[in-house]
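Below is one structure, written out as structure tokens, with a few remarks after it.
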Amino acid sequence: GAGVSQTPSNKVTEKGKYVELRCDPISGHTALYWYRQSLGQGPEFLIYFQGTGAADDSGLPNDRFFAVRPEGSVSTLKIQRTERGDSAVYLCASRRTGEETQYFGPGTRLLVL
Amino acid sequence: SQKIEQNSEALNIQEGKTATLTCNYTNYSPAYLQWYRQDPGRGPVFLLLIRENEKEKRKERLKVTFDTTLKQSLFHITASQPADSATYLCALSTGTASKLTFGTGTRLQVTL
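Chains as they are written, first to last, in our numbering: chain E, 1 to 113; chain D, 114 to 225.
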């Protein structure tokens, strides 16, 4: 597609469950970022991939959060043992090598009950 | 710690006027600064980027200034229209591959 796509658009789960959020970056973009946005706040960085490897995972809040990008394209953010405080919009962005602009997807709205 | 501040209160202006949004930062040495627009339920959309060695950037009705001495960027929308109503986010980065650090955003409301 033309832009970054994310699925699902909405996810409701129960406390303690496991969830997976998917990101399809713009074709040809080697850099991929995950951010989390709480209501009334700006996005907060979680993790950055360059190709298949995580180049910076300093924003992951704890070891319940994990992300993969096995083939250097699609990425999955995985959250184990979800907590109510994990409720937020999870945004994915991609960037072409050599350029500064990050292009964001529409986000996945996660609600943990 | 690093801090990026944007007007937390909504900015209400009349159609046709110039909207000016402020972004201030502390404990940060950005290589460049970006402005994004975000509509409700949508992801941020890139508007403009300005580098640390640039003072001003323009694109159509948009203008950004960057003062690394004052640690401040101003974002201007001239001849504002109701369609410009949205939240505008300021984001800083230390390099091309680096993460973006965002402010909390300023909500702009343009009325007829």
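Think of the CB as a built atom: it goes at the ideal place given N, C-alpha and C, for glycine as much as any other residue.
Alpha-carbon spacing of residue i relative to residue j, whole angstroms
i	j	result
GLY53/E	ARG150/D	29 Å
GLY59/E	THR133/D	31 Å
GLU71/E	GLY51/E	8 Å
ILE117/D	CYS136/D	7 Å
ILE190/D	TYR18/E	44 Å
PRO157/D	TYR33/E	13 Å
ALA2/E	ILE26/E	7 Å
VAL177/D	GLN119/D	14 Å
Buried or exposed (CB count within 10 angstroms, at least 16 for buried), residue i
i	result
SER193/D	buried
LEU46/E	buried
GLN127/D	exposed
LEU221/D	buried
ASP152/D	exposed
ARG164/D	exposed
LYS11/E	buried
Short CB-CB distance (under 9 Å) between residue i and chain D
i	result
GLN50/E	yes
LEU91/E	yes
PHE65/E	no
THR76/E	no
THR101/E	yes
PRO106/E	yes
VAL12/E	no
ASP24/E	no
PRO61/E	no
Chain E contact for residue i (CB, 9 Å cutoff)
i	result
PHE179/D	no
LEU134/D	no
ARG174/D	no
THR207/D	no
PRO157/D	yes
THR139/D	no
Residue i Cβ short of 8 Å to the ligand PLP heavy atom set
i	result
LEU60/E	Looking for the ligand PLP in the displayed structure turns up nothing, as the structure carries no ligands at all.
Validate contact between the stretch 161-174 of chain D and the stretch 208-220 of chain D using beta carbons, cut 8 Å, 3 pairs: no
Any contact of the stretch 173-185 of chain D with the stretch 67-81 of chain E, i.e. 3+ C-beta pairs under 8 Å? no
Fully enclosed by the stretch 126-176 of chain D, which beta strand (DSSP E) runs are 3 residues long or longer? You should have 132-139, 145-151, 158-164, 169-172.
Assess contact between the stretch 35-49 of chain E and the stretch 8-24 of chain E, defined as three or more Cβ pairs (one per stretch) separated by less than 8 Å. Is contact present? no
Mind listing, in chain order, the continuous beta strand (DSSP E) runs of no fewer than 3 residues lying wholly within the stretch 180-217 of chain D? 185-190, 199-206
My parser needs the beta strand (DSSP E) runs of 3 or more residues fully inside the stretch 25-50 of chain E; what are they? Taking only runs of at least 3 residues, the beta strand (DSSP E) segments lying wholly in the stretch 25-50 of chain E are 31-37, 44-50.
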